[in-house]
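There are 2 protein chains.
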Amino acid sequence: MSSQTFVDTGDNSVSQEGSARDRAYQGVRAGILKGDFPPGSFIEEAVACEVTGVSRSPVREALNRLAAEGYLELHRRRGAMVCRLSATELRDLYEVRLMVETHAVRKICREGRTLPPDLLRLCDAHEAMPAEDLLGCVEINRLFHQALVAAAGNRVLVDVFDGLQAPLSRVAMVSLQQGFGKTEVIEEEHREMIAALSVHDEARALAVVERHLALMPRLQSVLSS
Amino acid sequence: MSSQTFVDTGDNSVSQEGSARDRAYQGVRAGILKGDFPPGSFIEEAVACEVTGVSRSPVREALNRLAAEGYLELHRRRGAMVCRLSATELRDLYEVRLMVETHAVRKICREGRTLPPDLLRLCDAHEAMPAEDLLGCVEINRLFHQALVAAAGNRVLVDVFDGLQAPLSRVAMVSLQQGFGKTEVIEEEHREMIAALSVHDEARALAVVERHLALMPRLQSVLSS
DNA sequence: CGTGTACCTCATGTATACAAGAAAGCGAGA
DNA sequence: TCTCGCTTTCTTGTATACATGAGGTACACG
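Read top to bottom, the protein sequences are chains R and L.
The opening position of the first sequence corresponds to residue 1 in the numbering used here, with each subsequent residue numbered one higher.
The opening position of the second sequence corresponds to residue 1 in the numbering used here, with each subsequent residue numbered one higher.
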């Protein structure tokens, strides 16, 4: 999640061992995604401290970062509320996501860009991933699309895409939990995209992307809870 | 700057009086834009404390926010470095900005959306603004384009646009300081955009936007210093 | 004179103590 | 019994103290 401007250490993994702030960030984020902190609920700093085992200073920084990424809403002197996902926001979100990925696909095809080998490896990793590791599946999926956008060669575009990831990850997580998203289908469509992009078939690639992104915004009701 | 997910108090002004964190944020941001902290330099927390008159806790939170917005790069155990703006990043940035504003313009025209009265008032405000208030001009310009994008009716798109503002504001600031951007020209083009959008003339509106956004990325040399 | 090492300094990362405001609970009056 | 207001308590906002690791300097050795 390189939306935050850190010196990227290169590893894009979920490094559990890092600073106290990182542990707090990972812990609270996982809690939100897994549903331990439901939408609309407030996360008290003290609770976050107990959960993650660090003191308030790094916890506050983690909460600030999660707010900047769109997981939380900070209410002055009230605390951090887990964002609700409304139906309209979901629609807006997928419209913007489609705009971004469409732009990337067009650029890749028109400029004849070569795809990085990461994309294929991510498909294999997706296949090898145990189906019960929901967080892992979501992460792999995120990395695939991120690599796709990155292949367009515009770093700012990747940053924008990363900025959408907070609600997208939550949607994906709920989607898998509810049994909507089938990982096999997703992976198959990913391979289709690679096939179309490899030969710079813009029309076909766009069609696949649109179909792929049209699947998800079904589960509005589940989210606002 | 609603990139940060706060409960918007409604006023979009630069409220100097707020929490200590806000004062620190405003102070350091202004210092970066005015050039007191040149690109590539490190901002020590102690210095930021002296400048803004608050203690390290709120200063750290302000620096974290500025990093999330793209003003600073946080180096672990090294501190906060003012981001350099490279030529390629500038190119990428304007490509993405054009994508966003183009999308907004298309949507406004195709869906026959009415423009908010704010747009005209912002033009008047721009005209009335004293030319020596560079920060104020940059802010007005930002608000105009933000309102334009907002008129498309997609909140996420506005958030994405806001996320681009850090480097855009810096470019605009340098542009004015160096005497590149003429405020009269900018304002005139703004009025042209409004005219084209009011009658939903998509082709003309797109042409104006492209011309308007093509002006700026001239001053690569000035920025990386 | 150049280089390497050890120590020292200082900035950041973390923890904790203090201040202030908000919300909930309690009591008195209507 | 309901309502208004006060007090109490708890949470967040801010300040400061302590821990840790990076970088610089000085000294010794080749």
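Where is the CB? At the ideal position from N, CA and C, for every residue including glycine.
What you are looking at is a predicted structure, and each value in this text was computed from that prediction instead of being measured.
Can a CB atom of chain L be found closer than 8 Å to the CB of residue i?
{"i": "VAL82(R)", "result": "no"}
{"i": "ARG23(R)", "result": "no"}
{"i": "ARG65(R)", "result": "yes"}
{"i": "GLU61(R)", "result": "yes"}
{"i": "VAL54(R)", "result": "no"}
Buried or exposed: residue i, going by 16 or more other Cβ atoms within 10 Å of its Cβ?
{"i": "VAL185(L)", "result": "exposed"}
{"i": "GLY27(R)", "result": "buried"}
{"i": "ALA230(R)", "result": "A query on residue 230(R) cannot be resolved here, the shown segment of chain R reaching from 1 to 225 and no further."}
{"i": "ALA67(R)", "result": "buried"}
{"i": "ASP124(R)", "result": "exposed"}
{"i": "ARG76(L)", "result": "exposed"}
{"i": "THR88(R)", "result": "exposed"}
{"i": "GLU69(R)", "result": "buried"}
{"i": "ARG60(L)", "result": "buried"}
{"i": "ALA207(R)", "result": "exposed"}
{"i": "GLN165(R)", "result": "buried"}
{"i": "VAL199(R)", "result": "exposed"}
{"i": "PRO116(L)", "result": "exposed"}
{"i": "GLU139(R)", "result": "buried"}
{"i": "PRO58(L)", "result": "buried"}
{"i": "GLY163(R)", "result": "buried"}
{"i": "ALA214(R)", "result": "exposed"}
{"i": "GLU101(R)", "result": "buried"}
{"i": "PRO130(R)", "result": "exposed"}
{"i": "ASP8(L)", "result": "Reliability of the predicted coordinates at ASP8(L) is poor, the pLDDT of 36 falling under 50, and the value obtained from them is presented with this limitation in mind. It counts as exposed."}
{"i": "ALA203(R)", "result": "exposed"}
{"i": "ARG121(R)", "result": "exposed"}
{"i": "GLY10(L)", "result": "Because GLY10(L) sits at a pLDDT of 32, beneath the cut-off of 50, its placement in the model cannot be relied upon, and the following sentence gives the value as read from the coordinates. So GLY10(L) counts as exposed."}
{"i": "ARG110(R)", "result": "exposed"}
{"i": "ALA48(L)", "result": "buried"}
{"i": "ARG65(L)", "result": "buried"}
From the DSSP output, read off the bridge partner residues of residue i.
{"i": "PHE42(L)", "result": "MET81(L)"}
{"i": "GLU73(L)", "result": "MET81(L)"}
Looking only at C-alpha atoms, which of the options sits nearest to residue i?
{"i": "ALA251(R)", "options": "MET129(R), THR114(R) and GLN178(R)", "result": "Because chain R in this structure spans residues 1 to 225, residue 251(R) falls outside the shown range and cannot be described."}
{"i": "LYS182(R)", "options": "ARG106(R), ALA80(R) and LEU134(R)", "result": "LEU134(R)"}
{"i": "ASN141(L)", "options": "LEU157(L), SER175(L) and ILE108(L)", "result": "SER175(L)"}
{"i": "ALA172(R)", "options": "LEU197(R), GLY136(R) and HIS103(R)", "result": "GLY136(R)"}
{"i": "GLN211(R)", "options": "GLU188(R), GLU44(R) and GLU69(R)", "result": "A small fix is needed here, since residue 211(R) is Arg in this sequence, not Gln. ARG211(R) has its Cα closest to that of GLU188(R), out of GLU188(R), GLU44(R) and GLU69(R)."}
{"i": "ARG78(R)", "options": "ALA104(R), GLY40(R) and PRO58(R)", "result": "GLY40(R)"}
{"i": "LEU33(L)", "options": "PRO130(L), ARG170(L) and ALA46(L)", "result": "ARG170(L)"}
{"i": "GLU132(R)", "options": "ALA20(R), ARG191(R) and GLN177(R)", "result": "GLN177(R)"}
{"i": "ASP118(L)", "options": "GLY112(L), HIS126(L) and GLU111(L)", "result": "HIS126(L)"}
{"i": "VAL156(R)", "options": "ASN154(L), VAL156(L) and PHE161(L)", "result": "PHE161(L)"}
{"i": "ALA205(L)", "options": "LEU72(L), ILE194(L) and ALA214(L)", "result": "ILE194(L)"}
{"i": "MET99(L)", "options": "VAL149(L), ALA20(L), ALA24(L) and ASP36(L)", "result": "VAL149(L)"}
{"i": "GLU95(L)", "options": "ALA152(R), ALA46(R) and ARG56(R)", "result": "ALA152(R)"}
{"i": "MET81(L)", "options": "VAL158(L), PHE37(L) and GLY18(L)", "result": "PHE37(L)"}
{"i": "ARG23(L)", "options": "GLU111(L), LEU122(L) and VAL51(L)", "result": "VAL51(L)"}
{"i": "ARG56(L)", "options": "LEU74(L), ARG97(L), GLU73(L) and ARG21(L)", "result": "ARG21(L)"}
{"i": "VAL105(L)", "options": "ALA46(L), SER86(L) and HIS145(L)", "result": "HIS145(L)"}
{"i": "GLY112(R)", "options": "SER19(R), TYR25(R), ASP92(R) and ALA196(R)", "result": "ALA196(R)"}
{"i": "ALA30(R)", "options": "ALA46(R), PHE42(R) and TYR71(R)", "result": "TYR71(R)"}
{"i": "HIS190(R)", "options": "VAL209(R), GLU44(R), GLY179(R) and ASP201(R)", "result": "VAL209(R)"}
{"i": "VAL158(L)", "options": "ASP92(R), PHE42(R) and ILE108(R)", "result": "ASP92(R)"}
Of all the CB atoms in chain R, is at least one closer than 8 Å to the CB of residue i?
{"i": "ALA68(L)", "result": "yes"}
{"i": "LEU206(L)", "result": "no"}
{"i": "ALA20(L)", "result": "no"}
{"i": "VAL7(L)", "result": "Unreliable positioning characterises VAL7(L) in this predicted model, as indicated by a pLDDT of 40, which lies under 50. A coordinate reading is not provided."}
{"i": "MET1(L)", "result": "Confidence in MET1(L) is poor, its pLDDT being 44 and thus under 50, which makes the residue's placement unreliable; the coordinate value appears in the next sentence. Not closer than 8 Å to any Cβ of chain R, the Cβ of MET1(L) fails to qualify, so no."}
message: Any C-beta of chain L within less than 8 Å: which residues of the segment 153-175 of chain R qualify?
response: Answer in chain order: ASN154, ARG155, VAL156, LEU157, ASP159, VAL160, GLY163 and LEU164.
- request: With 7 Å as the C-beta to C-beta threshold (strictly closer), list the residues of the segment 86-120 of chain L near chain R in chain order.
  value: Answer in chain order: GLU89, ASP92, LEU93, GLU95, VAL96, MET99 and HIS103.
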